[in-house]
Structure formats: C-alpha cells, structure tokens
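Residue numbers (our numbering): 7 to 148.
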C-alpha cells in the first residue's frame, strides 16, 4: 500500500507539468497583465495519399503484398538481380488487374502512387533494397 500514494503523487506531478507546458504565456509590458493563449491545434488525422484513378484498394494492396513477398529475395540477390524481379512482379500484377495494366503502360509512376497510398513502408524498403529513388525508375518495358 505505501506505493499507491507515490504513484498518485507522480501522476499529479506529470499532470501539472503537462498542464504548465500546454499554454503559451505572453507578458505585455504596457499593461502589466499576462495574456494566456492556447497552443495551436494539431491536426487529428493525416491526409492519406490518394490512389491513382481506375485503381482499386484491393489492386493496390495486391501490389504491396507481391512486393513484400520479394523483399527478402532482393536483399539476398542485390539490386542487379532485384530490379528485373521488380519488373516481373509489376508486370504480373498489372496483367491481373486489366484496366490498371493499360494505365501502368502509359505511366509507370502509378506504381509509386499506389504504393505511397497503400504501403509506404514496403515501398521504402523495396527502394532501399534495390537502391533506386522510386519504383518507376527500375521499371523497363512497361
């Protein structure tokens, strides 16, 4: 039981410090008064990146799953063999997604847009393993 008052005291101290840090106080020299203003509101959600037109969430997720499944292979193979592997993954994925296939043929950056919107962490890991600035850079023949 003696620990309970210490925990309560620590919680009160943290609350007091947090409350003291959450306000901006400005002294005005001419009036001698103190003006307190709340900190600016922080956004509660971050805007999600949009999927390219004609691409479904399921299609984008399939691309992410396919890329994720190859990351360990690309790590072992290195970028020389990994880049053609990315091409195979994207070509197979695009062929399975009909209308997306035509769009990717016209604009390879759609692959980046889809992965930024759906799986930015997997995209970043793929770019790291393949040593490329973006996924579109490694796509040839599309």
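Quick reminder that beta carbons are idealized off the backbone N, C-alpha and C, glycines included. Model, not experiment: these values are computed from the prediction.
Out of the options, state which residue places its alpha-carbon closest to the alpha-carbon of residue i.
i	options	result
residue 142	126, 131, 116 and 98	116
residue 134	88, 61 and 146	88
residue 94	72, 123 and 126	72
residue 112	146, 70 and 69	146
residue 137	84, 74 and 60	84
Hey, residue i and residue j are a contact pair by Cβ (cut 8 Å); roughly how many whole angstroms apart?
i	j	result
residue 119	residue 58	5 Å
residue 56	residue 123	6 Å
DSSP three-state call for residue i: helix, strand or coil?
i	result
residue 139	coil
residue 146	coil
residue 118	helix
residue 79	helix
residue 86	helix
residue 125	coil
residue 91	helix
residue 109	helix
residue 68	helix
residue 56	coil
To the nearest angstrom, how far is the alpha carbon of residue i from that of residue j?
i	j	result
residue 107	residue 77	23 Å
residue 92	residue 140	12 Å
residue 28	residue 96	Its pLDDT being 42, under 50, residue 28 is placed unreliably in this model, and the value from its coordinates should be taken loosely. Distance between the alpha carbons of residue 28 and residue 96 is about 48 Å.
residue 109	residue 80	26 Å
residue 49	residue 86	At residue 49, the pLDDT of 38 sits below 50, so the modelled position is not reliable; the number obtained from the coordinates is stated separately. Spanning the two alpha carbons is a distance of roughly 42 Å.
residue 75	residue 114	21 Å
If contact is defined by three or more beta carbon pairs under 8 Å, each pair taking one atom from either stretch, is the segment 56 to 69 in contact with the segment 91 to 103? Yes: the two stretches touch, three or more of their Cβ pairs being nearer than 8 Å.
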